[in-house]
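Numbering of the sequence shown is given in UniProt numbering, commencing with residue 1 and proceeding in unit increments.
We put the CB at the ideal spot given by N, CA and C, even for glycine.
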Amino acid sequence: MKGLLLGAAAGYVLGTKAGRGRYEQIVRSYGRVKNSPATKKIADVTRDRVADALSTQPKLEPLEPLNAESTVYGRKGTRRD
């Protein structure tokens, strides 16, 4: 949300100095960048990494099952007796 407000403020300031045509060009450019698949992918990856870094839950990975019907999760490198 901060980014949107910052972009809008920058567009407004630049647009008022350069005229309405330049302002419209900035708004269109911002819209293309914001809606591009590359930008969305970067935002998703960043959001996931931040969530992982801030998570208080340990990352659990599948370990060797006890039998064919079971699935066991734990941290890698931990012993299971």
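Taking a C-beta distance under 9 Å as the contact criterion, aspartate 52 and lysine 59 qualify as a contact pair. With 16 or more other Cβ atoms inside 10 Å of its own Cβ, isoleucine 26 counts as buried. Taking the Cα positions, alanine 18 is about 51 Å away from glutamine 57. A Cβ-Cβ separation of about 13 Å leaves glycine 31 out of contact with tyrosine 23 under the 8 Å criterion.
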